[in-house]
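Peer 1: For reference, the structure I am asking about is given below.
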Amino acid sequence: MKFDEGVDVITRINECYARMSKGKKSIAMYICDHYEQAVFMTAAELGKIVGMSESTVVRFAMSLGYDGYPAFQKALSVWVSDKFGSVEKIGRKFGKSSEGEILSAILQSDMSNIQHTINSIDVAAFKTAVDIILKARTVYIVGLRSCAPLADFLHFYLNIIRGNNVLIRTTSVSEMFEQMIRISDRDAIIGISFPRYSMRTLKCMEFANDRNAKVITITDSVHSPMNLYSSCNLLAKSEMASIVDSLVAPLSVINALVVALCMKRPADVKADLKMLEETWNNYQVYLNDEIDFASDAPMIGYPLAGKNKSKDEEKQYE
Numbered sequence: 170m171k172f173d174e175g176v177d178v179i180t181r182i183n184e185c186y187a188r189m190s191k192g193k194k195s196i197a198m199y200i201c202d203h204y205e206q207a208v209f210m211t212a213a214e215l216g217k218i219v220g221m222s223e224s225t226v227v228r229f230a231m232s233l234g235y236d237g238y239p240a241f242q243k244a245l246s247v248w249v250s251d252k253f254g255s256v257e258k259i260g261r262k263f264g265k266s267s268e269g270e271i272l273s274a275i276l277q278s279d280m281s282n283i284q285h286t287i288n289s290i291d292v293a294a295f296k297t298a299v300d301i302i303l304k305a306r307t308v309y310i311v312g313l314r315s316c317a318p319l320a321d322f323l324h325f326y327l328n329i330i331r332g333n334n335v336l337i338r339t340t341s342v343s344e345m346f347e348q349m350i351r352i353s354d355r356d357a358i359i360g361i362s363f364p365r366y367s368m369r370t371l372k373c374m375e376f377a378n379d380r381n382a383k384v385i386t387i388t389d390s391v392h393s394p395m396n397l398y399s400s401c402n403l404l405a406k407s408e409m410a411s412i413v414d415s416l417v418a419p420l421s422v423i424n425a426l427v428v429a430l431c432m433k434r435p436a437d438v439k440a441d442l443k444m445l446e447e448t449w450n451n452y453q454v455y456l457n458d459e460i461d462f463a464s465d466a467p468m469i470g471y472p473l474a475g476k477n478k479s480k481d482e483e484k485q486y487e
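So the sequence shown is residues 170 to 487, counted in my numbering.
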């Protein structure tokens, strides 16, 4: 496969990943997850870490379009240097800006990401995702690194809408497989990943696809490796204006998913929410940390202090 010289090493790995052998996939995954260490390793050292021969590592480098391992290592070094130079780039971009100007620039960037997502998202894919989630026996959700809050958020609301949801929380590939060992064609998985794409998330989706589960991805581009195993791609722009991943547009897509799912099951969701409210009241879930003590409304189960309170009532709460 021929690559443009301007294509960075990680993009090359992502584009070639689906066609790699299992051995080369192991090398790719280690490099993407441990690039800070891999950049200083010889081919022999890297091979030893992943359990492959030195010649397999060299062939891996050449399959990406490099003349050999030294050329690959040099390209990886350039990519790592560029990544760790992000702070310096931000300094050049915002160095003379006031806090107000920085605030405005970042918010404008997030607004642009949302507008781009509105214009480009596949509505048919969105509808398919809603149907898949509703029909699945179990829905698995995986999002690692900076995407972990998105996965947590989606899992929280899916638990209100439907049962049998599994949030994959570990960073060990073997433990991730253990959590989804029973996944089958009756189930679905939602993978969330944005640049720099998580190879662990990608392996989960590959495993689910091999088990004939329905695969939904929330990612940034048609070129994302996340789309390799997905039957339903929800694309949300996440272009960064700083060293921080912009996850505003992806979160909006997840919000839309939650609302669409609620509209498909309004009676069930209403009943579940009513039960939750009763549970919160019965067990005083929000008694100490989320009660507005300045309000005139009484606390859960507590009469207002100094207002029509009998002596018996006062003794009850002493």
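A virtual CB, placed ideally from N, CA and C, is assigned to each residue, including glycine.
(1) For Ala244 and Asp236, I'd like the C-alpha separation in whole angstroms.
(2) Determine whether the beta carbon atoms of Leu276 and Leu416 lie at a separation below 8 Å.
(3) What is the residue span of the alpha helix (DSSP H) that Lys217 lies within?
(4) Among Leu323, Met221, Ile350, which one has its Cα closest to the Cα of Cys373?
(5) In the DSSP output, what is Thr388 paired with across the bridge?
(6) In terms of residue numbering, what span does the beta strand (DSSP E) encompassing Asn334 cover?
(7) Could you tell me which of Val428, Phe346, Arg228 sits nearest to Leu371, measuring between CA atoms?
(8) Of the residues Arg365, Thr307, Ala207, which one's Cα is nearest the Cα of Ile359?
(9) Helix, strand or coil for Gly269 per DSSP?
(10) Excluding sequence positions up to five away, which residues of its chain have a Cβ less than 7 Å from the Cβ of Thr180?
(11) Can we say the region 203-222 touches the region 383-402, given the rule of at least three CB pairs closer than 8 Å?
(12) Ordered along the chain, which non-local residues of its own chain (more than five positions away) have a Cβ less than 8 Å from that of Leu420?
(13) Name the residue from Ala305, Ile290, Asp202 whose alpha carbon lies nearest to the alpha carbon of Val335.
(14) Is Ile275 helix, strand or coil when you go by DSSP?
(15) Suppose you measure from the CA of Asp291 to the CA of Cys401; what does that come to, to the nearest Å?
(16) Taking a contact to mean a Cβ-Cβ separation below 8 Å, would you say Pro367 touches Arg314 in this structure?
(17) Counting only the same chain and skipping the five closest in sequence on each side, list residues whose C-beta sits under 6 Å from that of Ala187.
(18) Assign Arg287 to one of three DSSP states: helix, strand, or coil.
(19) If you measure between the beta carbons of Ile329 and Val438, is that distance less than 8 Å?
(20) How should Ile301 be labelled, buried or exposed, when 16 other C-beta atoms within 10 angstroms of its C-beta is the threshold for buried?
(21) Using CA coordinates, which residue listed in Leu303, Met280, Val422 is at the minimum distance from Ile387?
(22) Relative to the C-alpha of Asn381, which residue among Ser353, Arg369, Ile283, Ser281 is closest?
(23) Using the beta-carbon count (16 or more within 10 Å), is Ala405 buried or exposed?
(24) Candidates Ala197, Gly234, Leu303, Glu408: which alpha carbon is nearest Gly216's?
Peer 2: Short version:
(1) 11 Å
(2) no
(3) 212-219
(4) Cys373 has its Cα closest to that of Ile350, out of Leu323, Met221, Ile350.
(5) Leu404
(6) 334-337
(7) Phe346
(8) Thr307
(9) helix
(10) Excluding its 5 nearest sequence neighbours in each direction, Thr180 has no C-beta neighbour in its own chain below 7 Å.
(11) no
(12) Leu319, Phe322
(13) With distances taken between Cα atoms, Val335 lies closest to Ala305.
(14) helix
(15) 9 Å
(16) Reading off the sequence shown, one finds Ser at residue 367, where the question assumed Pro. In this structure, Arg314 lies closer than 8 Å to Ser367 by Cβ.
(17) Leu397
(18) According to the sequence as given, residue 287 is Ile; it is not Arg. Three-state result, Ile287: helix.
(19) Yes, they are a contact pair.
(20) buried
(21) Val422
(22) Cα-wise, what sits closest to Asn381 is Ser353.
(23) Result: buried.
(24) Ala197
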